[in-house]
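One structure is given below, encoded as structure tokens.
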Amino acid sequence: FDSSDDILSLSSSSYEDFPPSSYHTHILPTNTINTTINTIKATQYHSVEMIPWFPSFSQPHDQIFLLSDLARYSTFSVAVYTHMLAIYMNPCYSFYGILTSTCGRCWQHVWRHVTSVIGMKWLKPSDDLNTTSNNNRDYLPENVAGDNPMGLNYAGLSVVTKQLKDSELVYGSFQNDVDIKPYAVFLDHEKAAVVIAIRGTLSIEDCITDVLCHSEELRGLSDEWGYPGTGRWAHSGMLKAALTIRQELHSSGLLESIFSAQDSSYRKSGSAGYNARTPLKRHAADLSGYRLVLTGHSLGAGTAVLLSLLLLHKYPHLHCYTFGAPPVLDKVTAEECKPFVTSVVLGNDLVSRMSFLSLNTLRNDILDCISRARVNKMCVMQAIFRDFDIDDLMYRAGQEPPSQFKQNVAAFKAEIQSRIEVAHIVPLFLPGRIIFLAKKAKVPKECCSRNETSHILQEKDLSAFTDIEVSSSMAMDHFPDRYFN
């Protein structure tokens, strides 16, 4: 783009060429152009600097399209956290929206029970109480499974996705166990995509899945899912979760129904885990050019990457956008995922650097610091609140005097290393193309409002995320609302 006028002139018709310039000529639909314009405004508001030397971007507008996709799909990854995160991010608006939705369902449930008890079954809530045209569908959505009686998950998801224009929920599963993760399938008409969003860690069962972090070989996936996994390794807990979702999608025929143009409703009544009473907004023939997109945050991001491998054979043009993903693949497989996986890491995000080996390294570093200490821990704690010279607190590496504790630490490290070698623990890495949002500075805003933190958009190699960065923001940088903002 040579100027803002060049951008604005593109939205005048359904298909327009980019104006002649030093860049290549592209053809884009109007909805993509409008999304790009909105993204430019958003990047100006949030102060994201798009640096010209971005390695794999041949043109500056490629960065804009990438940011447009990331902004769009981060909303889906946040929405699948449902009511808990929605209220945390926007207490007043989300609480009101969820309350009005759930109270309507509770009132209908009570009314149905009362009329059945007193023998007034002929008086249905739909006769007198349903004043909205879509209330029948909203009462007990048949395309939602595993929700609580009040429908809080569905209500919370709907509140977040309201800001996504031209999108709709196809199916949502909120069942949660060690091997079963909540996920939702959307139609994103603005981006012409079928989106699978998988929820991150939000329960004790999810935490158990997270800690099952030993590497497991992907052997045996070729015959069933078409992925040659021999000699490839992945996060054990998230692999089981991805296999569960893949099997459910296969049993229900959900994706096949969406991408086929046989029925106007393309919804299979009675299929496993999937049913709906009403057709979607668009005819199946309109979805012939849609692509498959997977997204998620944290645990959901790692599961989405592994699910992408299981779907790649059948949907070779899919793409996976992850936010705060943990290391889930061996180095070779992680590199091979670059064409169809984009991983976003914000600042000092702990989870994106946390693996079995990185935690082992962090523990060794802590023990090393203790063995090099000149003073007791009380003096170290006091130094936090004043200026200090690190040489006053610690010996330099290799200069510390011999001690029994140092010998014990050395023996402990050797023992752990031998166990790792015997257990054949394969190092896991961040998958795909890694986009790093580096914090630049805080931008002051008006009175009574928080400062905005600006970021620099960079592309990093997976080797940059093998060690944990200890900082005050390492935990907060992983929160899904931080990525969303």
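One rule links them: number in the working numbering = place in the sequence shown (from 1) + 368. Beta carbons are placed, not taken as given, at the ideal position from N, Cα and C, and that holds for glycine.
Taking the beta carbon of A551 as the centre, do at least 16 other beta carbons fall within 10 Å, making it buried, or is it exposed? Residue mapping note: residue 551 aligns to position 183 of the sequence shown, counting from 1. Note that residue 551 is Tyr in the sequence shown here, rather than Ala. By the 10 Å Cβ count, Y551 comes out buried.
Report buried or exposed for K530, applying the criterion of at least 16 other Cβ atoms within 10 angstroms of its Cβ. Along the sequence shown, read from residue 1 onward, the residue named residue 530 stands at position 162. It is exposed - the Cβ of K530 has fewer than 16 other Cβ atoms within 10 Å.
Check whether the region 766–786 touches the region 684–698, counting contact only when three or more Cβ pairs, one atom from each stretch, lie closer than 8 Å. Because the criterion of three Cβ pairs below 8 Å is not met, the region 766–786 and the region 684–698 do not touch.
Residues that E584 bridges to, as DSSP identifies them: For the purposes of this step, residue 584 is taken as residue 216 along the sequence shown, with counting starting at 1. According to DSSP, residue pairing for E584 in a beta bridge involves A602.
In terms of residues, what are the limits of the alpha helix (DSSP H) holding E592? Within the sequence shown, residue 592 is the residue found at index 224, counting from 1. The continuous alpha helix (DSSP H) containing E592 extends over residues L589 to W593.
F804 versus S711 - alpha carbon distance: Taking the sequence shown and counting its residues from 1, one reaches residue 804 at position 436. Taking the sequence shown and counting its residues from 1, one reaches residue 711 at position 343. Looking at the two C-alpha atoms, the distance is approximately 8 Å.
Could you say if the region 698–708 and the region 603–622 meet the contact criterion of at least three C-beta pairs nearer than 8 Å? Contact annotation: the region 698–708 does not touch the region 603–622, with fewer than three C-beta pairs closer than 8 Å.
Do you know whose CA, among R764, L677, S445 and V700, lies nearest G599's CA? Within the sequence shown, residue 599 is the residue found at index 231, counting from 1. Distances from the CA of G599 to each of R764, L677, S445 and V700 were compared; the closest alpha carbon is that of V700.
Pull up the distance between the alpha-carbon of F691 and that of V446, whole angstroms please. The residue you call residue 691 lines up with position 323 of the sequence shown. The residue you call residue 446 lines up with position 78 of the sequence shown. Going by the C-alpha atoms only, they are around 10 Å apart.
Three Cβ pairs or more, each shorter than 8 Å: is that satisfied between the region 738–750 and the region 836–843? With a cut-off of 8 Å, the region 836–843 and the region 738–750 do not count as touching, because too few Cβ pairs lie within range.
Would DSSP call Y689 helix, strand or coil? Against the sequence shown, residue 689 aligns to sequence position 321. The answer is strand: DSSP assigns Y689 an E or B state.
Leaving aside the five residues before and after L662 along the sequence, list all residues of the same chain whose C-beta is less than 7 Å from its C-beta, in chain order. Locating residue 662 in the sequence shown gives position 294, counting from the first residue. The beta carbon of L662 is closer than 7 Å to those of I564, A672, L675, S676, L686 and C688 in its chain, skipping five residues each way along the sequence.
Determine the extent of the beta strand (DSSP E) in which L555 is found, giving its start and end residues. If you number the sequence shown from 1, residue 555 lands on position 187. Judged by DSSP secondary structure, L555 falls within the beta strand (DSSP E) whose first and last residues are Y551 to D556.
Our contact map puts E573 next to N544 with C-beta atoms below 8 Å; I'd like the distance itself, whole angstroms only. Your numbering for residue 573 matches position 205 in the sequence shown. Your numbering for residue 544 matches position 176 in the sequence shown. With a Cβ gap of about 6 Å, E573 and N544 count as contacting.
Once DSSP output is grouped into helix, strand and coil, what is the label at K774? As a working mapping, residue 774 is identified with position 406 in the sequence shown. Helix.
With distance defined between alpha-carbon atoms, name the residue in Y539, I566, L520 and F433 nearest to F444. To locate residue 444, count along the sequence shown from 1; it is residue 76. Among Y539, I566, L520 and F433, the Cα nearest to that of F444 is on I566.
Which residues does DSSP list as the beta-bridge partners of R801? On the sequence shown, position 433 is the one that residue 801 refers to. Note: R801 sits in a beta bridge opposite T710.
In whole angstroms, give me the CA-to-CA distance for R850 and V794. Here residue 850 corresponds to residue number 482 of the sequence shown, with the count starting at 1. Here residue 794 corresponds to residue number 426 of the sequence shown, with the count starting at 1. The straight-line gap from Cα to Cα measures roughly 31 Å.
Closer than 7 Å by C-beta to F724: which residues in its own chain qualify, once you throw out the five before and the five after it? Chain order, please. Reading the sequence shown from its first residue, position 356 is the one you call residue 724. So the qualifying residues of the chain are C581, H582 and I793.
Taking all protein chains shown into account, do 16 or more other C-beta atoms lie within 10 angstroms of the C-beta of A535, making it buried, or fewer, making it exposed? Within the sequence shown, numbered from 1, the residue matching residue 535 stands at position 167. Residue identity check: residue 535 is Ser in the sequence provided, not Ala. Its Cβ being crowded by 16 or more others within 10 Å, S535 is buried.
DSSP-derived helix/strand/coil call for T529: Against the sequence shown, residue 529 aligns to sequence position 161. Three-state result, T529: helix.
Under the DSSP definition of a beta bridge, which residues are partnered with I788? In the sequence shown, the residue the question calls residue 788 occupies position 420. Per DSSP, none; premise fails for I788.
Report the three-state DSSP secondary structure of Q826 (helix, strand or coil). By 1-based counting over the sequence shown, the position of residue 826 is 458. Strand, per DSSP.
Which residues share a DSSP beta bridge with V512? Stepping through the sequence shown from its first residue, residue 512 is reached at position 144. V512 is bridged to G540.
Please go through the same chain and pick out, in chain order, the residues whose beta-carbon is closer than 6 Å to the beta-carbon of V713, but skip the five residues on each side of it. Here residue 713 is taken as the residue at index 345 of the sequence shown, counted from 1. Spatial neighbours of V713 in its own chain (CB-CB distance under 6 Å, excluding positions within 5 residues in sequence) are listed in chain order as S720 and F804.
Rounded to whole angstroms, what's the CA-CA distance from G524 to I613? Just pull it up for me. Here residue 524 refers to the residue found at position 156 of the sequence shown. Here residue 613 refers to the residue found at position 245 of the sequence shown. Roughly 22 Å between the two C-alpha positions.
T834: first and last residue of the uninterrupted beta strand (DSSP E) it sits in: Here the question's residue 834 lines up with position 466 in the sequence shown. For T834, there is no enclosing beta strand (DSSP E), as DSSP marks it with neither H nor E.
Are there 16 or more other CB atoms within 10 angstroms of the CB of H665, so buried, or fewer, so exposed? Counted from its first residue, the sequence shown places residue 665 at position 297. Here H665 is buried. Its C-beta has 16 or more other C-beta atoms within 10 Å.
Roughly how many angstroms separate the alpha carbons of M762 and F753, rounded to a whole number? Position 394 of the sequence shown, counting from 1, holds the residue named residue 762. Position 385 of the sequence shown, counting from 1, holds the residue named residue 753. Counting only the Cα atoms, F753 lies some 17 Å from M762.
Where DSSP assigns a beta bridge to T612, which residues make up the other side? Residue mapping note: residue 612 aligns to position 244 of the sequence shown, counting from 1. T612 is not bridged to any residue.
Please report the residue range of the beta strand (DSSP E) in which T663 lies. Residue 663 sits at position 295 when you count from the first residue of the sequence shown. Under the DSSP assignment, T663 falls in the beta strand (DSSP E) whose first and last residues are R659 to H665.
Leaving aside the five residues before and after Q630 along the sequence, list all residues of the same chain whose C-beta is less than 6 Å from its C-beta, in chain order. Translated into the one-based positions of the sequence shown, residue 630 becomes position 262. Here Q630 scores only 42 on pLDDT, less than 50, and its place in the model should not be relied on; the value that follows carries that caveat. So no residue of the chain qualifies.
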